[in-house]
Amino acid sequence: MKQNSLARILVLLIVLGLALSVAPQADSLPNGIIGQSEKGCTCHGAVPDAGVTPSIEGLPTTFNASTTYTLTISFSGGPSGQAAEPHNLGGFNLATSSGILEAVDDTVKIEGDQATHNGIDDDLDGNGLQDAIEAGGEAIISGNDYTSWLVNWTSPSSGSSTFTLAVNSVNGDGKASADDAWNLMSVTVAGPSTGAAVEELQSADPFVVLVTLIFVSGILLAAVILYTFYRVSPDGFNWESFAPWITEWLTSTDHKKVGTLYFLAGFFFLGVGGIMAMLIRIQLAVPGNDFLTQDQYNQFFTMHGTTMIFLAAMPLINGFANWLIPLQIGAHDLALPRINAMSFWLQPVGAILIFTGVFSGQAADTGWTGYAPYIVSETAHSGTTMWVAGQIMLVASSTLTGINFLTTICSMRAPGMGWMQMPLFTWSIFVANLMLFISIPAWGVGLIQVYLDRTIGTAFYHVASGGDPLLWSHLFWYFGHPEVYVVILPAFGVISEVLSTSARRSVFGYRSMVYAMAGIGIVAFIVYGHHMFTSGMSPTLRFVTMLSTMLVAVPTGIKIFNWLKTMHKGSLVYRTHTLWALGFLVTFTLGGISGMFFPSLAMDTHLHETYFVVAHFHYVFVGGTVFGMFAAVYYWFPKMSGRMMDEKWGLLHFLTAFVSYNGIFWPMHKLGVLGMARRHHTWFITTDDYTNIPAEMASWNMFITVSAFIFFFSNFILVGNMVKTIVSGEKAPADPWGGWSFEWMTSSPPPTPSFDPHNPPVLHDANEHVATEPTIFGQWFESLMMPEDETEGIH
Amino acid sequence: MSDDHDHDYDHHPSPWGPHDWSHGAPHNSFAPLVMSIGIGIFLYALASVFVGGEVANLGALSGVMLGIIVITIGLLIWWRQDMSFDGTYEPKATGAPFRNIDLRKIAMWVFLMSEMMVFTSLFSTYIRYRLGIPNCEEVFLSGEWIEGTSVVCFEPAAHLIASSWFHLAPGAANTFALIISSFTIVLALKTAKMSNKKYADRYEVELSDVHSHRSRKVAMFLGSTLFLATLFLTLKMIEWFVGFPTPGPLTELNHGHSEIASLYSEGYTIHASAYQHHAYDTAYHGGHEIPHDSALYSMMQAGTHPGGIMMADIRVGASTFFVTTGTHGMHVLGGMIGLSYMTFKGLRGGYGPSNAVSIEYFGLYWHFVDLVWVLVFPFFYLF
Amino acid sequence: MAHYTILGKDPYWMNFWGLMILTAIEVGAVGVELGDTITMSILIGIAIPKFIMIAAIFMHLYGDADSKILTMTALFPAFFIIVMVFFIGLTSPGAATELPAWCRPGYWT
């Protein structure tokens, strides 16, 4: 069929395009992922010429540890020196696998960790001396004019060292010509004997580790997709059925399919963010570690934060929102299905942009907050521009999501479902999307300003021209603080659903729950200044935001008490999702309490930029959002997949993850109070008066790293459980847990469209026969609306 | 999936369009995927062309073009699915607060809420910098500068633009263009909305000819809107980059200059770290006499200030101006893209009483762009 | 769609001319030397009615069955706009140097 072949071609093109966009990036690592670059030589011919003989003199047969040797690099042969003037004789490039190279005189320069000749060759015509004369009027020493050079080499403490030397010999006419020839040699020098012949383990470049793991994760994901496809129909495991199947996934606007895509993206990036967290923890396990350099560490924590918040938490939340909002309110789909698909597809493309920097080794190193003026400076990595570009796409995605969900929840509820009959998860998604939707334009504008600053050269954040770095902080946190509530509120909704179902009673204080969420939503906009207490912000604003921040504890406290009261005198059923909800209550409350130290201006001055902050936001972010999402997975997975999850595996996952999670972040409070600074690539035990970091920190940091690895790997139990469930779980009934909102009324998995658009479900209330007088507010609001009778409203 | 409610889903929709709307909204589309990839390519390539205000790699412009082409392909798929929309599928809101209002209208208003926040952010940036950085004119008159050394100050574009009627002309013409375009699109709505009978009476045509007559008329109004939008952006480009000559009799009014320089050739650019203008020249008197009550005047009288030309770093002020008005211009461009589709659809007879609201809902966006200009114009062009 | 008239004429038509005249006054006011304060008040004084005229008549926030509720929707972001203008637009960038004396070192001796 014509349609089919078109789809096939498109799918192939997309796969090819993605592969092409990623492949060259991997190759552009500073040294390439493998191999040695022959910098400066390839222009003189494609293949090495045996007529040129390179040599290195001054190398010992066995070097001593940390000793400096002076090496003489020279070459003979080739067209060099045949010209009348003794200029432009040739050049060299020396790379070593270990040890440090230094220039002895001006004829040699160091580029990266390689040595090469010094040539002042502005216009790249190969005539360095002439350029030098033009530039300064005098002959500046040009390394091109020699055939031998001196380089100092400081040996490493152990191991062996391999030198790769490339030389070229040119005819001196200042142009690349066919005469010019080059050659390559390689020599290995053994290091000091260390007694027994132990194979020296070289630590790999963390970027290579990360990129490899990302590729491995991607391949695993593809394998899982193929496996699922195989299991769904073993007979149809061929291209003829695969093409329409994948086309359906690439083009679907069905809220359930888009929701599943969000899940795949979310879990994939949760894994990638987790890998980065593990590499960071390896670095911080022992004092003075050098696994990650400062430069790499900056990139890792930037990408970790960005990935976890924008590419893991938000898609996971959107996955549940996509799946459940239409089901919970009795709608057949979202209001704008194509817009919904658009907001999904912007995310993976944006993610690729954000990650281009990782593949080139020049990822954003600005922190997830991207503070100005560093973010617009030339010292910030080139990947920062792509980071900003990717974030702009995520902003567009969130805006479209906001339009869609607000419209859907406002206007597509089933008959009988007023605002105060909506399930709390729907309420939480409504408030979260409202906050996100109102706040994200501020950040979008900030990002566009930064993007333009970094590309066409506007000056919004150029301090020298009067630009104000605080403006960025303002625009960022005007969005950033609502954003942290955006990721926690859906977890609130999940916990409310899970606890009331598990306790087999309706949630205690439904109205106060709704008002508390709405209150959080409003207050979120006037508290953001507490992120900027030490930044020199207006003192009046500091005071205002200090008070309003303390106010946030009130609605949050109401919610905690309501959850406790829901369980009180209920009859609690301990399913896995219940356990996660109980775990959430503990960790989130602890995180909330530690958060109450920061609004106080005086306390904040002491605690900011320490691990106390790291502990706090991981307690609310992991212990709040991620635990809430885990509860949601165990709670709704049967509805989505139509199969029951394994409770034993679930219990094992909960126990290992909950314990190891607390093992990671609880000690961080102590580290923070003791004065360990965040965003620093390493730390040292000192007894200095001001930066006194006691020796016990070493034990705690190692303990945290070990816990982190246990936590990381414990989550594979969940992944395994999900795969196992899809493949061989027992069939789920429509309502496995005894929930009573609309999603439990459809089959598991639900049909498409989720409800019959011509015959929607109707919500009945036990008290609906009781006539209630509308309040004054209700009457006023009724007068604003279109008349009930449709014919009157026709315009 | 055993019990599909499949009476609406038994047809085989194409992800490429066209779409049969009597079965509801499209449930497959390649447009989102293709457009997203296009936007990614565009942003990636644009950042390769320019780095830190310099042209780093002109070759990447081909990437920018590729991105635009891919986005266009996505848009065309989207429109191909929409082309057959005739109002048969128009879901309405069921509950409070939007009871009985079309979902599309609600979505458009919700979208406008985020647009309000976008322009509030830009205006907040402007207010913060306008109030926080000393104004160039005040710095000049305070005498706290010396010739040859750049001082940081905020130069509102309005100081340049409102200084002469000729500078103001493109901006003022644009204001009228937008208001007229707001009017033409409302006329398009009115024409499309009229019932066939009323239309036949009003324009004295046969009832059977109403459809073709109406199509031409709606397309004409939509086309005039599109033309006015194009005029808006053209005048903006003239004002920014090109400038225009002043005919003989008007040259005298323009202080003897035979042309109006564009903002670019006046040196008012985002890279202007050494901006010089005759308004900040103590020797220039044409309409810019130094006020006698200023500090600069007394200092020059006392001989403590040598006078000369003030050199100013106005990059922040220029960035604010170009990006704010540019963002508005981008919104006009977005409207033009929508209008070109709508004009085409109107020509093919796509708008009648049953789906005239499509014009109204696009009109909401268009009027909003006009509304923003009502604020941008006085704050960036006049004051 | 409008179901009412202004002075017996089509409301869009009247609105259109009203806007044209107001804009002409606006441009004229800048051309005449009136001093900053007066110019500014005229500009704001004209921007507000123009704003309302476009929103009420062209965007149908007046006179339709759904006008009231949509006006409420359009006004919903007002709170957040005010917060942003106050917190971002009107706080001073030089706040660090403008700290009041009572929160500087050495005040409480």
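So the protein lines, in turn, are chains S, R and G.
Per our numbering, residue 135 is the first one in the first sequence, and the count goes up by one each step.
Per our numbering, residue 8 is the first one in the second sequence, and the count goes up by one each step.
Per our numbering, residue 12 is the first one in the third sequence, and the count goes up by one each step.
We treat Cβ as the ideally placed atom computed from N, Cα and C, and that holds for glycine.
With which residues is residue i paired in a DSSP beta bridge?
i	result
T196/S	A324/S
L188/S	Correcting the residue identity first, residue 188/S is Pro in this sequence and not Leu. In DSSP, P188/S forms a bridge with F209/S.
S157/R	M318/R
V62/R	F57/R
H251/S	V242/S
E162/R	Answer is none; E162/R lacks a bridge partner.
T744/S	A811/S
R777/S	K865/S
T202/S	T288/S
I827/S	T820/S
List the endpoints of the continuous alpha helix (DSSP H) containing residue i.
i	result
L196/R	172-200
E236/S	Counting along the chain, E236/S falls outside any alpha helix (DSSP H), though it belongs to the beta strand (DSSP E) covering 234-237.
L450/S	448-463
V245/S	Going by the sequence as given, residue 245/S is Glu instead of Val. Taken as a continuous stretch (DSSP letters only), E245/S belongs to no alpha helix (DSSP H), being part of the beta strand (DSSP E) at 242-245.
H814/S	From DSSP, H814/S is part of no alpha helix (DSSP H); its letter is neither H nor E.
I63/G	47-64
W28/G	22-42
G359/R	Element bounds for G359/R: n/a, residue is neither H nor E.
W113/S	Residue 113/S cannot be examined here, being either before or after the span of chain S that is shown, 135 to 929.
W577/S	558-588
I526/S	517-545
Please report the distance separating the alpha-carbon of residue i from that of residue j.
i	j	result
D161/S	P471/S	Because the pLDDT of D161/S is 42, which lies under 50, any placement of that residue in the model is unreliable, and the number read from its coordinates should be weighed accordingly. Computed Cα separation, rounded: 39 Å.
L418/S	N432/S	13 Å
G169/S	S231/S	Per-residue confidence for G169/S stands at a pLDDT of 34, beneath the threshold of 50, marking its modelled position as unreliable; the derived number appears in the next sentence. Cα to Cα, the separation comes out at about 11 Å.
G74/R	I526/S	16 Å
G591/S	I582/S	12 Å
T490/S	A67/R	16 Å
T232/R	F915/S	37 Å
H14/R	D93/R	Confidence in H14/R is poor, its pLDDT being 42 and thus under 50, which makes the residue's placement unreliable; the coordinate value appears in the next sentence. Roughly 21 Å between the two C-alpha positions.
L83/R	V77/R	10 Å
G655/S	F87/G	13 Å
S607/S	S634/S	40 Å
V641/S	Y73/G	42 Å
P6/G	M201/R	In the structure as shown, chain G starts at 12 and stops at 120, and residue 6/G therefore has no counterpart that could be examined.
M726/S	V720/S	The identity of residue 726/S in the sequence shown is Gly, whereas the question assumes Met. Using only the alpha carbons, I get a separation of about 10 Å.
I need the boundaries of the beta strand (DSSP E) containing residue i, first residue and last residue.
i	result
W287/S	282-288
V301/S	295-303
N227/S	224-230
Tell me whether the beta-carbon of residue i lies closer than 8 Å to the beta-carbon of residue j.
i	j	result
I488/S	T440/S	yes
L270/R	L167/R	yes
W28/R	S91/R	yes
N278/S	V301/S	no
T436/S	G501/S	yes
S630/S	M647/S	yes
H898/S	G550/S	yes
May I ask you to check if the CB of residue i is nearer than 7 Å to at least one heavy atom of the ligand MG?
i	result
I827/S	Absence of the ligand MG from the depicted structure is noted, as is the absence of any ligand whatsoever, leaving it without description.
*Below 8 Å, can you find three or more Cβ-Cβ pairs linking the region 172-179 of chain R to the region 147-160 of chain R?*
No: fewer than three Cβ pairs fall under 8 Å.
*Given 8 Å, three or more beta-carbon pairs between the region 452-463 of chain S and the region 538-548 of chain S*: Yes: at least three Cβ pairs fall under 8 Å.
_Taking contact to mean 3 or more Cβ pairs, one atom from each stretch, closer than 8 Å, check whether the region 402-420 of chain S and the region 359-371 of chain S are in contact._
No: fewer than three Cβ pairs fall under 8 Å.
*Would you call the region 87-105 of chain G and the region 605-622 of chain S touching, i.e. three or more CB-CB distances under 8 Å?*
Three or more pairs of CB atoms, one per stretch, sit closer than 8 Å, so the region 87-105 of chain G contacts the region 605-622 of chain S.
*Counting Cβ pairs closer than 8 Å, one from the region 190-207 of chain R and one from the region 227-242 of chain R, do we hit at least three?*
The region 227-242 of chain R and the region 190-207 of chain R touch, with three or more beta-carbon pairs separated by less than 8 Å.
*asked:* For the pair the region 771-785 of chain S and the region 726-742 of chain S, tell me if three or more CB-CB distances fall below 8 Å.
replied: Too few Cβ pairs lie closer than 8 Å, so no.
*For the 8 Å Cβ check, are there 3 or more pairs between the region 817-832 of chain S and the region 765-779 of chain S?*
Too few Cβ pairs lie closer than 8 Å, so no.
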